[in-house]
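What follows is a single structure, written as structure tokens, with notes after it.
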Amino acid sequence: MSLKRSIRNSTNKSDNDSSDSDEEYVPYIPVKQRKKMEMLNLKKKLGQLDSIKEEELMKAESSGNDEQKEHTKKLMLSDSEEESAAQKGVEDDDEDYDDPNGGVSEQDLGPLAQVSLLDQHNVLKKKAEARKETQREKMLKEEMKILESVAEKTALMGVAELAKGIEYTEPIKTGWRAPKFVLEQPIDKWDQIRKKFHILVEGEDLPPPIRSFESMKFPQPILECLKKKGIEKPSPIQIQGIPTVLSGRDMIGIAFTGSGKTLVFTLPIVMFCIEQEKRLPFVKKEGPYGLIICPSRELAKQTCENITMFGDVMAAAGFPQIRSVLCIGGMPVKEQMDIINRGCHVMVATPGRLMDMLDKKMVTLDVCRYLCMDEADRMIDMGFEEDVRTIFSYFKGQRQTLLFSATMPKKIQNFARSALVKPVTVNVGRAGAASLFIIQDVEYVKQEAKMVYILQCLRKTAPPVLIFAEKKQDVDAIHEYLLLKGVEAVAIHGGKGMCIVSSAKCFVRIKSQSLVLRQNLQ
1 MSLKRSIRNS TNKSDNDSSD SDEEYVPYIP VKQRKKMEML NLKKKLGQLD SIKEEELMKA
61 ESSGNDEQKE HTKKLMLSDS EEESAAQKGV EDDDEDYDDP NGGVSEQDLG PLAQVSLLDQ
121 HNVLKKKAEA RKETQREKML KEEMKILESV AEKTALMGVA ELAKGIEYTE PIKTGWRAPK
181 FVLEQPIDKW DQIRKKFHIL VEGEDLPPPI RSFESMKFPQ PILECLKKKG IEKPSPIQIQ
241 GIPTVLSGRD MIGIAFTGSG KTLVFTLPIV MFCIEQEKRL PFVKKEGPYG LIICPSRELA
301 KQTCENITMF GDVMAAAGFP QIRSVLCIGG MPVKEQMDII NRGCHVMVAT PGRLMDMLDK
361 KMVTLDVCRY LCMDEADRMI DMGFEEDVRT IFSYFKGQRQ TLLFSATMPK KIQNFARSAL
421 VKPVTVNVGR AGAASLFIIQ DVEYVKQEAK MVYILQCLRK TAPPVLIFAE KKQDVDAIHE
481 YLLLKGVEAV AIHGGKGMCI VSSAKCFVRI KSQSLVLRQN LQ
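Structure (structure tokens):
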């Protein structure tokens with residue numbers, strides 16, 4: 001009996017559950033349709049709320065309560081924003097439902113959704129390289145700031161001038177004046193001359209360009225000496241540079257190699273020294289009045305020879321004899337000190353030997369009023385910047401400073417900013433360019449075939465010939481090879497003593513047909 005009753009009860013319960021489930025059954029409505037129905041219900045409710053709020057607003061207007069008006073307006077605005085947000089959400093859901101990508105938009109995937117991983121890798125690599133370049137630029141800018149700060153702190157002035165805070169605002173005055181007919185010319189005429197010879201000039205109160213050595217008021221012995229050398233008219237750098245130096249102005253000269261810039265500073269210093277000697281003769285251990293600094297021994301020797309030549313020409317014509325001394329390494333100091341002890345007018349030196357003599361107090365710069373740095377860019381590239389700054393600290397008074405350079409790097413600009421007084425910049429031709437009178441041919445030859453090719457070139461080119469090599473070992477190897485082939489040649493480089501170098505140069509002067517091998521000086 002109990003078993004039958006339990007079976008009957010279970011059947012009754014199952015019947016009741018099935019009947020309840022039939023009553024609770026709700027037909028399936030798609031999501032899109034269901035959301036539309038929910039939206040309609042929401043709109044109905046919002047419409048009822050709007051009607052209620054309008055009634056409240058009417059009551060508030062009738063009562064005249066301002067605070068209640070603002071409160072009801074805020075409520076209406078917030079409800080309208082909620083309604084627009086809800087409507088937007090429903091539209092987004094509809095789009096997601098229709099989207100075959102499962103409701104994921106392109107914005108969610110990102111702009112590179114359709115780009116391959118390889119392309120993305122290349123893009124990221126380029127961005128990383130760009131960041132590296134920017135970091136390098138930042139480092140370079142920081143280095144430039146450091147260089148500028150150092151240049152400004154260590155100005156190119158004497159120790160006494162720095163200690164007393166002396167600053168020169170006017171250039172040195174000299175006794176030279178341009179001819180009257182040149183000064184009476186209009187400034188437009190001067191500009192036409194500069195434009196004709198491609199001379200670029202910058203500065204204040206520019207001196208006039210002069211187109212002949214006679215108008216520059218050089219004495220007759222100098223003019224005759226120049227004619228013997230084949231120099232009848234001044235070159236463009238001399239047209240503007242020599243009047244600038246003779247007038248006592250500080251100058252920055254930029255010109256290509258072989259433009260004749262050596263005469264721009266050698267002729268005026270000879271004239272200045274003769275003028276000083278006539279006024280008051282130099283006594284023992286006095287001087288120098290003019291100092292010329294060169295980066296290499298060869299250039300210093302060539303410059304000193306030009307000054308000695310002009311001094312001897314003037315002495316032969318009855319003018320006072322000026323003494324010039326060459327202070328370079330590789331030569332005995334005793335010979336140099338003999339001239340200095342007699343009183344020297346001009347000193348041509350390299351930075352290393354000059355620093356050594358100044359440290360040992362063999363020479364002083366108390367009366368030096370003329371300073372020239374030839375090829376200043378090369379001097380800085382060779383690492384003489386600190387030596388030059390130290391040399392400037394030995395000066396005791398104002399001086400006329402000249403800087404000659406083939407280029408105009410930042411360091412030269414810093415030099416000019418800290419040392420020169422109202423400088424005149426004379427630029428002739430393109431800075432750093434080679435001479436217009438030199439033909440350059442470039443031949444590409446393999447390393448192992450260069451020796452043989454040199455002989456082929458020597459057959460085509462008549463002597464004298466000058467061959468440059470990068471290393472001392474290369475100079476010796478080429479020299480030995482040419483001697484074995486029966487070619488008369490001499491070799492010069494820094495590893496050889498001054499006696500060997502001098503004898504080699506004498507051999508070149510004696511022999512009309514000669515070949516010289518030199519180490520590259522650049």
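Note that UniProt numbering gives residue 453 to position 453 of the sequence shown, counting from 1, and the numbers run on in steps of one. For glycine and all other residues, C-beta sits at the position ideal for the given N, C-alpha and C. In this text the structure is predicted, and so the values were computed from the model without any measurement.
If you run the structure through DSSP and keep just helix, strand and coil, what is residue i?
i	result
Gln-398	coil
Glu-224	helix
Thr-308	helix
Met-1	Bear in mind that the predicted position of Met-1 carries a pLDDT of just 47, short of 50, making it too unreliable to give a figure here.
Glu-214	coil
Ile-322	coil
Phe-404	strand
Thr-425	strand
Asn-347	The amino acid at residue 347 is misidentified as Asn; the sequence shows Met. Residue state, collapsed to three classes: strand.
Ala-178	coil
Assuming residue i is part of the alpha helix (DSSP H), what are its boundary residues?
i	result
Tyr-370	Segment 370-373 is the beta strand (DSSP E) holding Tyr-370; no alpha helix (DSSP H) there.
Met-337	333-342
Phe-272	262-279
Phe-282	Looking at the DSSP string, Phe-282 is not in any alpha helix (DSSP H), and its letter there is neither H nor E.
Ala-317	Taken as a continuous stretch (DSSP letters only), Ala-317 belongs to no alpha helix (DSSP H), as it is neither H nor E.
residue 525	Absent from the model: residue 525. The displayed extent of the chain is 1 to 522, so no value can be given.
Thr-461	Note, Thr-461: premise wrong, no alpha helix (DSSP H); not H, not E.
Ala-477	472-484
Lys-233	Element bounds for Lys-233: n/a, residue is neither H nor E.
Lys-196	187-196
Counting along the chain, where does the beta strand (DSSP E) carrying residue i start and finish?
i	result
Ile-292	290-293
Ile-380	Not the beta strand (DSSP E): Ile-380 falls in the alpha helix (DSSP H), residues 376-381.
Gly-253	251-255
Glu-202	199-202
Ile-328	Counting along the chain, Ile-328 falls outside any beta strand (DSSP E), and DSSP gives it neither H nor E.
Ile-492	490-492
Thr-390	No beta strand (DSSP E) holds Thr-390; the alpha helix (DSSP H) holding it covers 385-392.
Taking the CB atoms as reference points, tell me whether residue i and residue j lie closer together than 9 Å.
i	j	result
Leu-420	Gly-253	no
Cys-294	Val-348	yes
Leu-371	Leu-291	yes
Thr-244	Pro-207	yes
Ile-222	Phe-213	yes
Phe-197	Ile-231	no
Ile-340	Lys-285	yes
Leu-263	Asp-374	no
Val-490	Leu-458	no
Phe-265	Phe-404	yes
Gln-336	Met-309	no
Lys-460	His-493	no
Ala-255	Val-428	yes
Pro-288	Val-388	no
Write down the C-beta distance between residue i and residue j rounded to the nearest angstrom, noting that I regard them as a contact closer than 8 Å.
i	j	result
Leu-466	Lys-485	The Cβ separation is near 18 Å, so there is no contact.
Ser-259	Ser-235	6 Å
Gly-369	Cys-344	The question names Gly, but residue 369 in the sequence shown is Arg. 14 Å between Cβ atoms; not a contact.
Ile-237	Val-424	With 8 Å as the limit, Ile-237 and Val-424 do not qualify as a contact, their Cβ atoms being about 12 Å apart.
Lys-301	Leu-326	6 Å
Lys-422	Asp-188	Rounded, the Cβ-Cβ distance is 23 Å, inconsistent with contact.
Gly-329	Arg-297	7 Å
Ile-274	Met-314	6 Å
Lys-173	Gly-248	6 Å
Pro-209	Ile-193	5 Å
Gln-384	Pro-351	The sequence as given places Phe at residue 384; Gln does not occur at that position. Going by Cβ atoms, the distance from Phe-384 to Pro-351 rounds to 4 Å, so yes, they are a contact pair.
Thr-390	Met-355	6 Å
Ile-307	Val-367	Not quite, the Cβ-Cβ distance comes to about 18 Å (not below 8 Å), so this is no contact.
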